[in-house]
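Right, one structure below, let's go through it.
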Amino acid sequence: MAVLFFSAVLLLAVQVLDEDDDDDPLPGLAGRGAVLSLHPGETVEDLFRVMRLAEDAAGPCVAGDAVPPLVDAAVAPGALGCVRLRNARDAPGLWRIDFEGPFSAGYTFELEGEDGAQVVLDQPPVGGPAGRPVLADSKRVASLPIVLPPGGASVLRVRIDDPADLADADPVLRPEAEFDRAMRRDAQGMGALLGAGVLLLAVLATTARLVRSRPAGHFAAYLGATLLAAAVNAGYLNGVFPGNPALPAGALGRLFGAAQLAAHMSFMAAFVDEALPGAALAGRLRRAGLMGGAVLVLLAGGALALSDPAEAARFLDLGFELDPLIEDPLASLPALIAAAITLAWIGAIIGVSAHLLRRDVSGSRLFALGGGILSFGLLSAGLGIDAFDPFDDNPFGLQFVLLLDGLIFAAAMTRQAFGLRGERDRALRKELEATRERQAMAERLLKARKDADRSRTLAETHRNRLALTGHDLRQPLTSLHLAVREVERTNPPLSKTLRTSLDYIGSVLNATVDDTRPDDLSEDEGQFHTETDPRETIEVALLLHNAVRMFADEAAAKGLTLTHESSDLVVETVPVTIIRILSNLVSNAVKYTQNGGVVVRARMQGDTATIEVQDTGAGLSPDEIERIQQDYTRGSAAAGVHGDGLGLSSARDFAAELGLSLKIRSTVGEGTCVSVEGLPLARAD
């Protein structure tokens with residue numbers, strides 16, 4: 007906004023300065039009347055300010071300030087004007103009348119000298135007779151050379167066929183050397199402009215193809231329309247049109263202007279779409295560009311169809327001037343609409359720049375800079391003034407500013423393209439990392455599956471072995487039961503102890519064989535499933551009594567006492583599993599106690615019962631307590647004692663199956679107490 011504000015201030019200031027300069031076509035000219043003394047190399051900025059009305063084409067050119075200049079007089083079609091030219095030096099002088107560009111009005115300039123009269127410039131009005139006018143160059147409206155010998159004088163006459171643009175014509179009497187420099191400067195400037203433009207077009211086309219940048223393609227179309235419009239406005243296509251080229255060249259320039267608008271709006275839409283995919287702003291910009299371009303084309307066609315040639319050519323001039331709009335706004339309605347479209351274009355540029363800057367997208371700052379320069383150029387062209395002094399000397403100054411704007415926009419697109427490529431590269435790297443992680447996970451899953459297959463195979467082998475072992479033990483166990491019947495007749499107490507042990511072994515054997523049946527193997531999980539034994543109500547005293555009786559002889563053989571405390575608690579549990587837990591705990595206590603004894607007791611803890619097995623063995627350190635709960639691991643006091651280190655771990659696993667907890671408390675040198683906690687008490691009927 008600040009850039010646009012200062013640009014507008016500068017434009018208005020320069021316009022005032024330009025108007026002041028136009029009021030003084032030649033320093034010291036005031037009071038000369040209709041006689042113009044020239045020095046070789048001297049330039050007269052506006053001939054119509056020094057030429058006076060003439061009554062007769064063959065009559066004398068009246069001198070004096072009583073006759074007003076052409077620009078201040080009431081000039082009718084077909085009016086005549088004249089001025090006396092005199093070479094004030096003793097060297098010959100050579101000048102040209104230079105209009106620089108085509109215009110709609112018709113002027114015929116004739117030079118009267120000692121050798122007679124010669125037409126030096128014949129510019130027919132728009133809609134006038136066909137045929138080529140007398141021009142020094144096809145792209146520049148200028149006269150044939152005007153030669154004044156040393157001290158010589160001639161009369162320059164003009165016939166004005168259409169005075170519509172008299173105030174704005176500004177014919178310049180320019181020295182031949184300066185005219186040649188201007189022509190060379192124009193040719194060099196246009197060549198540099200076209201060369202740089204074509205090079206930039208090639209860069210944009212390559213960028214659009216290599217990085218698949220849609221903004222680059224749309225901007226290439228905009229730049230092409232800009233270069234063609236510059237060529238038309240510079241007069242390089244004037245030679246194509248017969249007669250006065252102002253009207254067809256203006257129509258062609260307006261057509262390229264419409265293409266510029268539509269292409270640039272499409273470029274902004276593509277830039278927004280690349281930076282902010284899915285943004286609704288992109289679609290609105292495309293529609294606005296197409297509508298604005300279509301309106302400009304329709305206005306140009308309407309002006310050609312409905313207006314007279316002079317008015318149509320006036321509308322088709324590049325840009326619009328403020329003074330005609332203010333003086334006759336109704337007649338200038340097409341120009342007013344075109345001006346509104348131009349202002350809307352500038353507003354769209356500012357809005358898109360602000361939108362991109364707020365979101366800090368890649369290339370937004372360069373885009374905003376290019377948008378500011380383009381807005382400045384559009385205001386300069388629209389107001390019909392030259393923005394800075396270099397533009398006065400070089401008609402391509404504005405085009406070079408727009409080319410600079412194109413370079414900045416190209417840099418913005420490059421920055422955006424590389425920014426988007428960087429984002430895509432980062433996304434690809436993340437995707438690659440995710441793919442690697444998925445591959446690593448797949449490898450881990452494959453390894454786990456292989457391990458599971460090996461474990462399943464090993465489990466199947468163990469299952470088969472257990473099944474065979476169980477089958478092989480059934481027959482000896484049956485024989486032992488038969489032998490116990492013989493013992494009952496001779497030693498009933500021993501018989502009772504043996505039967506208890508054999509019943510326990512039988513229950514364990516049956517449970518093991520049941521667990522290894524193939525019907526219990528899940529095909530989907532590869533695990534054995536056993537039906538939970540039904541819970542039964544059992545007296546704790548019976549559990550304690552059986553556990554003590556099973557290992558009483560072993561304890562007595564070592565000189566240990568093995569006792570249990572009486573209890574009246576009744577619990578609900580799986581008898582076989584709880585007996586297996588107690589037998590493992592009592593067996594370990596007897597096995598690893600060398601002196602003293604083992605006591606088995608039960609106590610109530612809340613609404614549950616706890617069974618404890620306490621011995622007077624060597625005790626365990628905290629590290630040993632943690633270690634011996636692992637399979638095949640025993641404590642330091644187990645040296646010399648037969649065992650495989652499975653008793654405590656199996657008791658822990660059985661307790662977990664019943665939802666119980668196994669806790670160990672021990673003091674080195676004093677003994678160990680292992681408790682089974684969480685046995686649910688039987689409900690009273």
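Heads up: the sequence shown at position 379 corresponds to 385 in our numbering, and the numbers run straight through without jumps. Glycine is no exception: its CB is placed at the ideal position from the N, C-alpha and C atoms. Because the structure is a prediction, the values reported are computed rather than measured.
What residue from the options has the CA that sits closest to residue i's CA?
i, options, result
"VAL592", "ALA561, PRO581, GLN611 and LEU253", "ALA561"
"LEU654", "LEU668, LEU664 and GLU663", "LEU668"
"GLN611", "PRO151, VAL682, LEU664 and GLY256", "VAL682"
"MET57", "ASP78, GLY65 and GLY47", "ASP78"
"ALA227", "ALA236, VAL246 and LEU207", "LEU207"
"ALA268", "GLY378, LEU200, ALA255 and ALA350", "ALA350"
"GLU375", "THR348, GLY603 and ALA417", "The sequence given here has Leu at residue 375, not Glu. Of THR348, GLY603 and ALA417, the residue nearest in Cα terms is ALA417."
"LEU713", "GLY378, GLY369, VAL238 and VAL204", "Residue 713 lies beyond the range of the chain shown here (7 to 691); nothing can be said about it."
"THR579", "PRO83, ALA440, PHE660 and MET556", "PHE660"
"ARG90", "PHE225, ALA236 and LEU42", "LEU42"
"GLY354", "SER589, GLY378, ASN244 and GLY369", "As written in the sequence, residue 354 is Ala, which differs from the Gly given in the question. For ALA354, the nearest C-alpha among the options comes from GLY378."
"GLY47", "ALA94, GLU61 and GLY99", "GLY99"
"ASP104", "ASP96, ARG95, ALA97 and PHE115", "PHE115"
"THR622", "GLN636, SER672, ILE585 and VAL577", "SER672"
"MET271", "LEU362, GLY259 and PRO221", "PRO221"
"ILE585", "GLU61, ALA80, HIS551 and HIS468", "HIS551"
"ALA558", "GLU571, LEU549, VAL576 and VAL596", "VAL596"
"ALA415", "GLY307, THR49 and MET274", "The amino acid at residue 415 is misidentified as Ala; the sequence shows Phe. Of the candidates GLY307, THR49 and MET274, the one whose C-alpha sits nearest the C-alpha of PHE415 is MET274."
"VAL367", "GLY112, PHE424 and ALA433", "PHE424"
"GLY299", "ALA311, THR348 and GLY256", "THR348"
"CYS88", "VAL126, ARG165 and ASP174", "ARG165"
"LEU566", "VAL604, ALA458 and PRO499", "VAL604"
"ALA97", "LEU44, GLU439, ARG469 and GLY428", "LEU44"
"ARG689", "SER461, LEU296, VAL576 and ARG95", "VAL576"
"GLY412", "ALA446, ARG430, PHE373 and ALA448", "PHE373"
"ASP171", "ARG218, VAL246 and VAL81", "VAL81"
"LEU362", "GLU632, PRO283 and GLY428", "PRO283"
"PRO130", "PRO83, ASN93, ARG95 and ARG102", "PRO83"
"LEU385", "ILE352, ARG371, ARG364 and ARG365", "ILE352"
"ASP52", "GLY65, LEU296, VAL126 and ALA173", "ALA173"
"ILE670", "HIS224, GLU632, LEU438 and GLU663", "GLU632"
"SER160", "ARG92, LEU216, ALA231 and GLN194", "ARG92"
"ALA615", "LEU549, GLY675 and GLU663", "LEU549"
Below 8 Å on the Cβ atoms is my guess for residue i versus residue j; work out the distance and round it to an integer in Å.
i, j, result
"GLN422", "ALA281", "6 Å"
"PRO151", "GLU182", "6 Å"
"LEU409", "ALA202", "6 Å"
"VAL546", "THR569", "Not confirmed; about 15 Å, so no contact."
"LEU291", "VAL303", "About 19 Å; that fails the 8 Å criterion."
"GLY369", "MET419", "7 Å"
"LEU239", "GLY259", "The question names Leu, but residue 239 is Asn in the sequence shown. Indeed they touch by this definition, with Cβ atoms about 6 Å apart."
"ASN590", "ALA657", "4 Å"
"LEU85", "PRO169", "According to the sequence provided, residue 85 is Ala. The question's Leu does not apply to it. 7 Å between Cβ atoms; contact."
"LEU162", "THR49", "That pair is no contact at about 15 Å."
"ASP613", "LEU687", "6 Å"
"ALA235", "GLY197", "Contact flag wrong, Cβ pair sits at about 17 Å."
"PHE54", "PRO75", "7 Å"
Starting from residue i, trace the beta strand (DSSP E) both ways and give me its first and last residue.
i, result
"THR232", "Per DSSP, THR232 belongs to no beta strand (DSSP E); it is in the alpha helix (DSSP H), 220-239."
"GLU618", "614-621"
"LEU668", "667-673"
"GLY677", "677-686"
"VAL126", "122-129"
"ASN93", "85-93"
"LEU154", "152-154"
"ASP104", "99-104"
Hey, could you find the ends of the alpha helix (DSSP H) residue i is sitting in?
i, result
"PHE115", "That residue, PHE115, is in no alpha helix (DSSP H); its beta strand (DSSP E) goes 113-119."
"SER656", "653-663"
"LEU76", "First-last for LEU76: undefined, no H or E at that position."
"ASN552", "546-556"
(request) Could you say if the region 154-169 and the region 117-127 meet the contact criterion of at least three C-beta pairs nearer than 8 Å? (result) yes
(request) Report the residue ranges of all alpha helix (DSSP H) runs contained in full by the region 39-72; include only those spanning at least 4 residues, in chain order. (result) none
(request) Taking only runs that begin and end inside the region 162-200, name each unbroken alpha helix (DSSP H) of 4 or more residues, in chain order. (result) 172-175
(message) Tell me whether the region 287-305 and the region 353-365 touch, counting them as touching only if at least three CB pairs, one residue from each stretch, are closer than 8 Å.
(response) yes
(request) Let me know the beta strand (DSSP E) ranges lying completely inside the region 565-633, each 3 residues or longer, listed in chain order. (result) 567-570, 576-579, 603-611 and 614-621
(message) Between the region 626-638 and the region 599-618, can you find at least three pairs of beta-carbon atoms closer than 8 Å?
(response) no
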